[in-house]
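Protein chains in written order, with the numbering used here: chain A, 1 to 163; chain B, 1 to 169.
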């Protein structure tokens, strides 16, 4: 059983913004290990954000599998992540460890540039696309107190008849 | 206990608000629902958790269904919430409208292992050149390649079979 439990909506803690991380060290490293354990314990989880376990720090972990020959960066622990550039918009299906048993459609940027820090506080910059970019945007939303439910769009608007 | 309530009739404003108000006032809880206009008509299927039998539910709703001229059907059933199967494939089929598209497509797809979870059809184009469009979301129990092979029989139609990926984060 993981040391940290995942909060589920309507827990009000999920709607609370997270604080920037200033202290890097052993405590942060141990926390990220426990956070990753919580992510892997859930069904099919490919990302997690610290507020999902009730810790309001700007920390996310992602681990995007390679899909359709689109390369990914594998497991990434991202501290204080920000999106510096985005391009294109695409609709995709999302669910959430904190909102069990619901899948909805959300529009996200297709390609993003992000800046973050690693566990040693070193600055890192990454370009991400497709599924991996979607995961990061989903997790950064958690840091701002937003859930994918706040961004739902119709699942059926692609093939509408032109009036 | 759960009942499946089906209402069909000419579309008018306030039907959903009035039906759900009556149900709420009688202590019924609502579960999953699907409402859509079909051919200009109002249609809804609604899971209603009601502490009484179908006859009692019918009596409660009859004044409203009479007022809005709705056809009502109620079945007690063993449904439950939180019982979703996750779709992993989306199939879009379109072409010049003809009889039998849904039957031939779903026959081929089900033989190739598709569980249909959601199906929507529409007839677009014009009355002299109607275009039939069908969207299916489902679960490919034998894999997506089996579905792609199965739809090869639909030679006069445009067919796309795409994996649906779902992020859980």
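Beta carbons: idealized from backbone N, C-alpha and C, even for Gly.
Residues that residue 43 of chain A contacts on chain B, provided the C-beta gap is smaller than 9 Å: 168
With 16 other Cβ atoms within 10 Å as the buried cut-off, status of residue 210 of chain B: Nothing in the structure corresponds to residue 210 of chain B, since chain B is present only between 1 and 169.
At 4 residues or longer, and completely inside the region 54-127 of chain B: list those alpha helix (DSSP H) runs for me, N to C. 54-67 and 101-111
Starting from residue 29 of chain B, follow its DSSP beta bridges and name the residues at the other end. B:49
Using a Cβ-Cβ cutoff of 8 Å, what residues of the region 143-168 of chain B are near chain A? List them in chain order. 164, 165, 166, 167 and 168
What residues from the region 51-81 of chain A come within 7 Å of chain B, judged by C-beta to C-beta, listed N to C? 67
Option in B:63, B:58, B:39 and B:2 with minimal Cα separation from residue 33 of chain B: B:2
Residue-level contact to chain B via CB, residue 132 of chain A, 7 Å cutoff: no
Please list, in chain order, all residues of the same chain as residue 156 of chain B whose beta carbon is under 7 Å from its beta carbon, the five residues on each side excluded. 95
Can you tell me the Cα-Cα spacing of residue 163 of chain A and residue 28 of chain A, whole angstroms? Residue placement at residue 163 of chain A is flagged as unreliable, the pLDDT there being 48, under the threshold of 50; the coordinate-derived value follows with that caveat. Their Cα atoms are separated by approximately 55 Å.
Could you name the residues of the region 70-91 of chain B whose beta carbon sits closer than 7 Å to any beta carbon of chain E, in the order they occur along the chain? The chain inventory of the structure shown lacks chain E, comprising the protein chains A and B.
Have a look at residue 8 of chain B and residue 28 of chain B and give me their C-alpha separation to the nearest angstrom. 20 Å
Does the beta carbon of residue 94 of chain A come closer than 7 Å to any beta carbon on chain B? yes
Any idea which residues DSSP pairs residue 37 of chain B with across the strands? B:42
Note down the Cα distance separating residue 154 of chain A from residue 105 of chain A, rounded to an integer number of angstroms. 7 Å
Check whether the Cβ atoms of residue 134 of chain A and residue 23 of chain B sit closer than 7 Å, and answer yes or no. no
Cβ-Cβ distance between residue 108 of chain B and residue 146 of chain B below 7 Å: no
Over what stretch of residues does the alpha helix (DSSP H) that includes residue 149 of chain B continue unbroken? 144-150
Residues that residue 14 of chain B bridges to, as DSSP identifies them: In the DSSP output, where bridge partners are listed per residue, residue 14 of chain B has none listed.
Is there a Cβ from chain B that is less than 7 Å from the Cβ of residue 46 of chain A? yes
Tell me, please, which residues DSSP counts as bridged to residue 108 of chain A. A:90
Restricting to runs no shorter than 4 residues, where is the alpha helix (DSSP H) found entirely within the region 130-161 of chain A? 130-143
If we count Cβ pairs, one from each stretch, closer than 8 Å, do we get three or more for the region 75-84 of chain A versus the region 17-35 of chain A? yes
Checking contacts by CB at 7 Å: is residue 139 of chain A closer than that to chain B? yes
Answer yes or no: do residue 52 of chain B and residue 139 of chain A have a C-beta to C-beta separation smaller than 7 Å? no
Element boundaries [alpha helix (DSSP H), containing residue 37 of chain A]: 26-41
Below 8 Å on the Cβ atoms is my contact criterion, and I expect residue 42 of chain A with residue 13 of chain A to pass it. Report the Cβ-Cβ distance as a whole number of Å. That pair is no contact at about 17 Å.
I need the straight-line Cα distance from residue 161 of chain A to residue 131 of chain B, nearest angstrom please. Because residue 161 of chain A carries a pLDDT of 44, less than 50, the predicted location of this residue cannot be relied on, and the following value inherits that uncertainty. Taking the straight line from one Cα to the other gives about 11 Å.
Tell me which residues share the same chain as residue 6 of chain A and place their Cβ nearer than 7 Å to its Cβ, disregarding the 5 neighbours each side in the sequence. 38, 42, 52, 53, 97 and 98
Could you have a look at residue 14 of chain A and say whether DSSP puts it in helix, strand or coil? helix
Which residues in the same chain have their Cβ closer than 6 Å to the Cβ of residue 159 of chain B, if we skip the five residues on either side of it in sequence? 93 and 151
Do you know how far the Cα of residue 99 of chain B is from the Cα of residue 70 of chain B? 29 Å
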